[in-house]
Amino acid sequence: MKHNLISKITLFGLLLSGLYANAQKTNLEVNIANTVTKIQPTMFGLFFEDINFAADGGLYAEMIKNRSFEFEVPLMGWKQPNSSKHSLNQQSGIATTMKTLENKSNPNFCRVTVNDDKGFSIINEGFRGMGIKKEGRYNLSLKAANHNGAFKKIIIQFIDKDQKVLGETSIVPTSTDWKNYSTQLTATGTEAKAQLKITFEGTGTIDLDMISLFPEDTWKNRKNGLRKDIVQLLYDMKPGFLRFPGGCIVEGKILANRYQWKKTIGDVENRETMINRWNTEFSHKPAPDYFQSFGLGFFEYFQLSEDIGAAPLPILNCGMACQYNTGELVPMAELDPYVQDALDLIEFANGGTETAWGRLRADMGHPKPFNLKHIGVGNEQWGPDYIERYKVFEKAIKAKYPNIIIVSGAGPSPDGEFFDYGMKELKKLNAEIIDEHYYKSPEWFKENVTRYDNYDRKGPKIFAGEYAAHPKGVEDGSKENNWLAALSESAFMTGLERNADVVHLSSYAPLMAHIEAWQWAPDMIWFNNLESYGSANYYIQKLFATNKGTDLITITKNGKPLTGQNDLFASAVKDSKSKEVIMKLVNTAATAQEVNIDLKGSKLQSKGTVITLTSANLNDVNSFAEPTKISPTEHDFKLKGEKAQMSLPAYSVTVLKVKMK
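The structure is reproduced here in structure tokens:
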């Protein structure tokens, strides 16, 4: 009797385990033959905004802060350790700023009076220091006017916090009038917090301006160019587009400090320095030393887009300041200059060299057009004031450039009365692409995977222009870029991909942040003065962007898309160029799950590739200490006939790629 009871218990246990095993298996079907829609080349791209010191002090490789003495406090970033405003400084000297009316865009320069050249120095602190690498070469340039030939030499040194010299060079100022000089320093050590010390041989007065320092090793070795390691991360993503220059920076707190693209092109020296609108936006992260030199301007944005194979997508002010701040408006009767800026930008990007703006582009070194196809009108404005102004832009742009695709905006949120009003009015106007923004919790992203399933297929297309999962807020910096956030975004992105007939563009935001100078988190890429790394969110974006395919196909369970059943999400594409079927499978459950995939409609090769991105702890993050802690692994995979059987790890994103015969 006891033996029979044990047998029955064992049999019951086996039955239960079998049922449990079957419950954990999900059967999926992929229809390779039927293309649902074409996937736009712009499907997954990049959003750049100069927030978190992303331009000056980041992507733009300038190492001198306040190089032309144009900050509101003209000597901000510079210090004179042996000088005092309350002394005649007979044992040193003093540097003061002078203002001239001759150059309205760069009126300030620095006048240095040296009384004792053994005691005087002026030091630039850089952007939270200067990152120098041993044996690295750094190009320095400056303008000087050596009055009465007072000085035989200007000595330039890298120093560390202990005043140890880590590289030295000098300039002989030969002219009493303004003259440009250049030289090169070679670093004798690696230091993330170096500073630049300038001393003089001689006594008297000398004027200095545009003191600039760049690594020689920039992206594409361009003189005074972009930071190589950061651009490489962007290039590796194979982005479909680059949106620039933002973001709220387009709007300005007031219209006077909005982004004006015409002030960011031409000679770098004549680009007018301006306060960055993120300077004091957040009380928890004030950045009074955050300004824009515009050395990274619209020409450089177009050039960067071309470099990384991305379609350029500029966004322009529509006559409205940020509505979170002043909401200042340009009267409708005075809107013409703003509209003309849009028309002139298209000519700058696409015009022949016989046009005024096309000729300027050629003079800057790019005779060929940049092939601009999209332009954005406004950032995330809302309400009747925006719609009224959008209509004027739309009419003027389409009249002159009917093939340019205009991106409009539905406000700052993915729902609510502003969003509903904007969508309703823009649909009436037959808007081509509407920009939607959402910074929400990880739960929201999983719950909204089907957001676009019921969108009007004949209505405007969608640009998911700014989004990121926020586990809490912005207080934890890079800790906000945890695996929970990235995993939930990947689930949502399967929904973007499944609706590629409606969603034509998407981009995570913000793109990057200086680890010691950020205002907003999470961010896709983190950097310091020497290094950069991609967050877990970066690797999700890269995984989708490098596997976007050309044709959307279906992947279903019982004829329905996988949108969270058993914590599973999926999308599938095929690539007509590489002749591959690509399936993206997201498991947000705490346990591994088995899936059987029946691939129908095409003959396939037996070998495939599996790329897996996973981490056991949802709070895990990448860091400077472990920059690839959460990063993809890849291995071969074998099909069984036309079926793929695989185990999806807990908390994972899996990409399965199979070649078609």
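Residue numbers for the sequence shown follow full-length UniProt numbering, so the first one is 1 and each next one is one higher.
Note that the Cβ used here is the ideal one computed from N, Cα and C, for glycine as well.
- Sequence-distant partners of Pro-369 (beyond 5 residues in either direction) whose C-beta falls short of 6 Å from its own C-beta, in its chain, are Asn-350.
- Counting the other CB atoms within 10 Å of its CB gives Thr-654 a total of 16 or more, which places it among the buried residues.
- The distance from the Cβ of Val-407 to that of Phe-463 is about 6 Å, consistent with a contact at the 8 Å cut-off.
- The distance from the Cβ of Phe-53 to that of Ala-517 is about 4 Å, consistent with a contact at the 8 Å cut-off.
- The three-state reading of DSSP puts Gly-240 in coil, since its state is none of H, G, I, E or B.
- In the assembly as shown, Lys-398 is an exposed residue. Its beta-carbon has fewer than 16 other beta-carbons within 10 Å.
- Nearest neighbour of Gly-601 by Cα position, chosen from Lys-629, Thr-591, Glu-594, Ile-555, turns out to be Ile-555.
- The Cβ-Cβ distance between Asn-379 and Gly-477 does not fall below 8 Å.
- For Leu-345, the closest of Leu-59, Lys-373, Met-332, Glu-328 by C-alpha to C-alpha distance is Lys-373.
- The C-beta separation of Ser-170 from Ile-159 comes to about 15 Å, leaving the pair out of contact by the 8 Å criterion.
- Under the three-state reduction of DSSP output, Asn-89 falls in the coil class, being neither helix nor strand.
- By the neighbour-count criterion, in which 16 or more other beta carbons inside 10 Å mark a residue as buried, Ser-68 falls on the buried side.
- Annotated as distal: Glu-62 and Ser-182, with beta-carbon spacing of 8 Å or more.
- Per DSSP, the continuous beta strand (DSSP E) segment holding Pro-314 begins and ends at 311-316.
- For the pair Asn-276 and Pro-288, the CB atoms are not nearer than the 8 Å cut-off.
- A direct Cα-Cα distance of roughly 22 Å separates Asn-317 from Leu-360.
- Counting C-beta atoms within 10 angstroms of its own C-beta, Ala-310 has 16 or more neighbours from the protein chains shown and is therefore classed as buried.
- Ranked by Cα distance from Glu-300, the options Thr-326, Pro-245, Arg-258 are led by Pro-245.
- Between the alpha carbons of Thr-614 and Gly-189 lies a gap of roughly 38 Å.
- In the DSSP assignment, Gly-608 is bridged to Phe-637, Val-658.
- Here the alpha carbon of His-437 sits roughly 14 Å from the alpha carbon of His-504.
- Cβ atoms of Met-512 and Ile-308 stay farther apart than 8 Å, at about 14 Å.
- In this structure, Phe-44 sits away from Ala-592, with a CB-CB distance that is not shorter than 8 Å.
- Within the DSSP bridge table, the entry for Asp-207 names Arg-111, Ala-145 as partners.
- The beta carbon of Met-98 lies closer than 6 Å to those of Phe-109, Arg-111 in the same chain, with the five residues before and after it left out.
- Boundaries for Val-449: no alpha helix (DSSP H) harbours it, and the DSSP string shows neither H nor E there.
- Beta-bridge pairing by DSSP links Ala-321 to no other residue.
- When secondary structure is reduced to three states using DSSP, Phe-282 falls in the coil class, being assigned neither helix nor strand.
- Burial check for Glu-354: the Cβ neighbour count within 10 Å stays below 16, so the residue is exposed.
- Annotation: the continuous alpha helix (DSSP H) that includes Glu-497 extends over 483-498.
- In this structure, the straight-line span from the alpha carbon of Gly-376 to that of Asn-115 is close to 55 Å.
- Residue nearest to Pro-649 within the set Leu-599, Leu-343, Tyr-538, Leu-568 is Leu-568 (criterion: CA-CA distance).
- Here Lys-643 carries a strand assignment [DSSP, helix/strand/coil].
- If you check the CB distance, Ala-187 and Gly-167 come in under 8 Å.
- Rounded to whole angstroms, Trp-261 and Gly-495 show a C-alpha spacing of 35 Å.
- Here the stretch 100-109 does not lie against the stretch 77-84, with fewer than 3 beta-carbon pairs under 8 Å apart.
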